[in-house]
Amino acid sequence: MSITITPDQVNSIVWNQHQDPFQILGPHPIEENGKVTSWVVRAYLPNAEAVWVVLPEVRKEYSMQSVHNAHFFECTIETTELSNYQLRVKEGDRERVIYDPYAFRSSKLTDFDIHLFAEGNHHRIYEKLGAHPMVVEGVKGVYFAVWAPNARNVSILGDFNSWDGRKHQMRKIGNGIWELFIPQIGVGEAYKYEIKNNEGHIYEKSDPYGFQQEPRPKTASIVTDLETYTWTDRDWMEKRRHTDALTQPVAVYECHLGSWLHAASAEPAVKPDGTEEPVVVVSELKTTARFLTYRELADRLIPYVKELGYTHIELLPIAEHPFDGSWGYQVTGYFAPTSRYGSPEDFMYFVDQCHQNGIGVLVDWVPGHFPKDGHGLAFFDGTHLYEHADPRKGEHKEWGTLVFNYNRNEVRNFLYANALFWFDKYHIDGIRVDAVASMLYLDYARKPGEWVANQYGGRENIEAADFLRQVNHLIFSYFPGTLSVAEESTAWPMVSWPTYVGGLGFNLKWNMGWMHDMLDYFSMDPWFRQFHQNNVTFSMWYNHSENFMLALSHDEVVHGKSNIIGKMPGDRWQKFANLRCLFAYMYAHPGKKTMFMGMEFGQWSEWNVWGDLEWQLLQYEPHQQTKRFFSELNRLYRQQPALYTWDFAQEGFEWIDCSDNRHSVVSFIRRAKDSDEFILTVCNFTPQPHSHYRVGVPEHGFYTEIFNSDAKEFGGSNMGNLGGKWADEWWMHNRRYSLDLCLPPLAVVMFKLDRQKTEEARKALLAESQNQ
């Protein structure tokens, strides 16, 4: 046999130093006078003792010879065509027949794919990069592609090659993308990328575009097919597409799946096919316990949230993260729902079941920073690829995390595609973008000298703002009717304004100012509230500058802040009354609503990520009554368009009296859009009840008391207005008519004009006058 390759070429493969191993390995034609006369086949198989080329179609074998290295093999086959050959490999006492990965030479990425990715506009790049089961030339296998432009070499590691980076070396194509199709492997294979930089340093990385990861503490990605689940939510998705979410009721139950409830023991969960799910033990718990699976949560969490009447569940980050105690906010697998609770298909089932029960799903999304874990994005290809190289721009020292380089097209593309991915593959209904302020300001949590100004000398991160505009533009272009919510705590203008007028493009922004004002107000002794009436009323001065969501979130019940009921002053009865008063005012106030799990039954302890909610409290009547209060409050909210259809227009809200600080009372009207409906709300923020308290109203008639937070069924004193009151022709608050009300202590009462009863009374009076 004549040798067709040099020692240097062989060594470039043996030492894993060739950026296109297809130039050496696999089949290569030999031509004479422009015609193919034979083929030379080369293979590098580090553990092989002998190798044969097998031609199944003609039932022939050709022995390969070692060339320049004991494990580098070559042979020449006299044939004009060569396809679908196999390699019979002898490794000690073991023989196996494999397809040669270097025989599949065509790229699965088009030039257009590469071009779009390079300019940051490949919105479905997750369908190209990552690991994708497919059939190539009639052979099943997995196609791998990863972006690592500064790597010297990249290989694929897995059980299928004994985690040996010499065996499946990838080739580099345009824009620094590496690719390889590996035949005869499929769904369920664990894998990583072995990346070498120019100095030869090796980094073993999980797949940035991997759809699934091993349960921690393991860190490998898992080959997954996301197209096998059969969705049953077509009606929900179609209705959502034609619905303006801002005119709908939005009451969000914020939930951390890992600490809502654990299984009582470490008994394995059962998969739908009857096999056992691996137990993921929570070692920080004093008793042995495991997480509930997505399917178990679907059976337990969804009915609970539906009973309480919430419209959405918001999940703290679902994307894969290595440390339970991070709450999910330090993400290493941006395209992988965490394996703590099951498989990607299990999470699809959870979302699907939410939709079947009329509940939307929001997911917390973390594009602001990522952790330094060795298997993650940090220093991915031996350089600062996803993060800024300058630590003054690329590191959050306070959090010990790295900041994405929003100025790099491919990094922006990674994040754009990631946001769209969750809507596309998992049918989520919205995202809440975490820590937006940390993205928008270059000096966020940085001391003087630790940050770099923008090109205009300012502190604004212009690239991050442009990134947020683009991602929101894409979300609403592809998925109308969804939500994009900003956790933004500063006065950055037009956060929830459309991008075409210069806004950041979110459709909701958390009202952090309202949250701080209200918690300060309700935590003080009621006697002092008369001096702080501004806390209650100030939010309406700026309410129409943004589309606000009122949020009492997980951040308010950790780190020594106490849970909500623990912040309330007074004895036990007053604490519960204050809690009801706070949330009733929240629901009456313009804006969508979010509250964290455990608040709905008055949990006393702070949220503990390692434990469960204090479910044992529900054996006591005050906590049962508090849970009933929230069910009724959500029912009222969903049934009354005046409370949600006109949240963001000045016409939807009108003060009656906001200046009665002596009694700590406020009264206002909420109006429905495209309707004459309105709701009168009167709030008494002190434990002193008020009888014969007059409130002006816009029309004459009978006002039904539709909600009273002091009702006996909620644990209140059961003071009220006997079902409603007739308006008197008595001028008050610059109005011709007024109501003579009884205001219960620490309570919110709501009234609605009963037009039918009013009209019936008018007709009765008219008939009586005619009879006389």
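Residue numbers (my numbering): 18 to 789.
Glycine is no exception: its CB is placed at the ideal position from the N, C-alpha and C atoms.
query, result
"For Ser-300, does the three-state DSSP call read helix, strand or coil?", "Reliability of the predicted coordinates at Ser-300 is poor, the pLDDT of 49 falling under 50, and the value obtained from them is presented with this limitation in mind. In this structure, Ser-300 counts as coil in the three-state DSSP scheme."
"Within the continuous beta strand (DSSP E) that includes Ser-708, where are the two ends?", "707–714"
"Find the nearest neighbour of Val-512 within the set His-561, Gln-40, Ala-436, judged by alpha-carbon distance.", "His-561"
"Is Asn-701 near Ala-764, with beta carbons less than 8 Å apart?", "yes"
"Alpha carbon to alpha carbon, what distance is there between Glu-427 and Tyr-143?", "12 Å"
"Could you pull the start and end residues of the alpha helix (DSSP H) that Ile-582 belongs to?", "581–584"
"Is it a yes or a no for the stretch 113–129 touching the stretch 31–46, going by three-plus beta-carbon pairs under 8 Å?", "yes"
"Per DSSP, Glu-112 is paired with what?", "Lys-107"
"Using only CA atoms, which one of Gly-587, Ala-452, Val-712 lies nearest to Trp-544?", "Gly-587"
"Measure the beta-carbon distance from Val-569 to Met-612 and round it to whole angstroms, keeping in mind my assumption that it falls under 8 Å.", "The amino acid occupying residue 569 in the given sequence is Leu; Val does not appear at that position. Contact flag correct, Cβ pair sits at about 5 Å."
"Please give the ranges of any alpha helix (DSSP H) in the stretch 510–549, keeping only runs that are unbroken, at least 4 residues long and fully inside the region.", "529–540"
"Please classify Trp-32: is it buried, with 16 or more other beta-carbons within 10 angstroms of its beta-carbon, or exposed?", "exposed"
"Comparing alpha-carbon positions, which option in Asp-446, Pro-607, Asp-390, His-139 lies nearest Lys-256?", "Asp-446"
"Near Ile-94, what residues of its chain come up, given a Cβ to Cβ distance below 7 Å and the 5 sequence neighbours on each side ignored?", "Ser-55, Trp-56, Val-58, Val-70, Tyr-79"
"Check the C-beta distance from Phe-665 over to Asn-595 and give it rounded, since I have them as a contact under 8 Å.", "So it is not a contact: roughly 28 Å between Cβ atoms."
"Need the endpoints of the alpha helix (DSSP H) that Tyr-559 sits in, please.", "556–559"
"Taking the C-alpha atoms as reference points, what is the distance between Lys-742 and Glu-649?", "22 Å"
"Count the other CB atoms within 10 Å of the CB of Pro-334; is the residue buried (16 or more) or exposed (fewer)?", "buried"
"Look up Pro-232 in the DSSP assignment and say whether it is helix, strand or coil.", "coil"
"List the DSSP bridge partners of Pro-44.", "Val-58"
"Straight-line CA distance for Ile-280 to Glu-331?", "Per the sequence shown, the amino acid found at residue 280 is Ala instead of Ile. Cα to Cα, the separation comes out at about 21 Å."
"With a CB to CB cut of under 7 Å and the five nearest residues on each side skipped, what residues in its chain are close to Gln-641?", "Leu-635"
"So for Asn-670, helix, strand or coil by DSSP?", "Checking the sequence, you will find Phe at residue 670 rather than Asn. Phe-670 falls in the strand class under three-state DSSP."
"At the level of alpha carbons, what is the spacing between Asn-12 and Leu-318?", "One cannot answer for residue 12 here, as it falls past the ends of the chain, which runs 18 to 789."
"Could you check how far apart the C-beta atoms of Gly-732 and Phe-593 are, in whole angstroms? I think they sit under 8 Å.", "6 Å"
"Work out the CA separation of Gly-217 and Gln-34 for me, nearest whole Å.", "9 Å"
"Taking Ser-506 as the reference, give the member of Val-469, Gln-472, Val-450 with the closest Cα.", "Val-450"
"Please specify which runs of the beta strand (DSSP E), each continuous and at least 3 residues long, are wholly inside the stretch 715–764, giving them in chain order.", "719–725, 741–743, 754–760"
"Using the Cβ count rule (16 or more neighbours within 10 Å means buried), how would you classify Asn-478?", "buried"
"With distance defined between alpha-carbon atoms, name the residue in Gln-657, Glu-221, Ala-689, Pro-658 nearest to Gly-669.", "Ala-689"
"Which class does Val-574 belong to by DSSP, given the choice of helix, strand or coil?", "helix"
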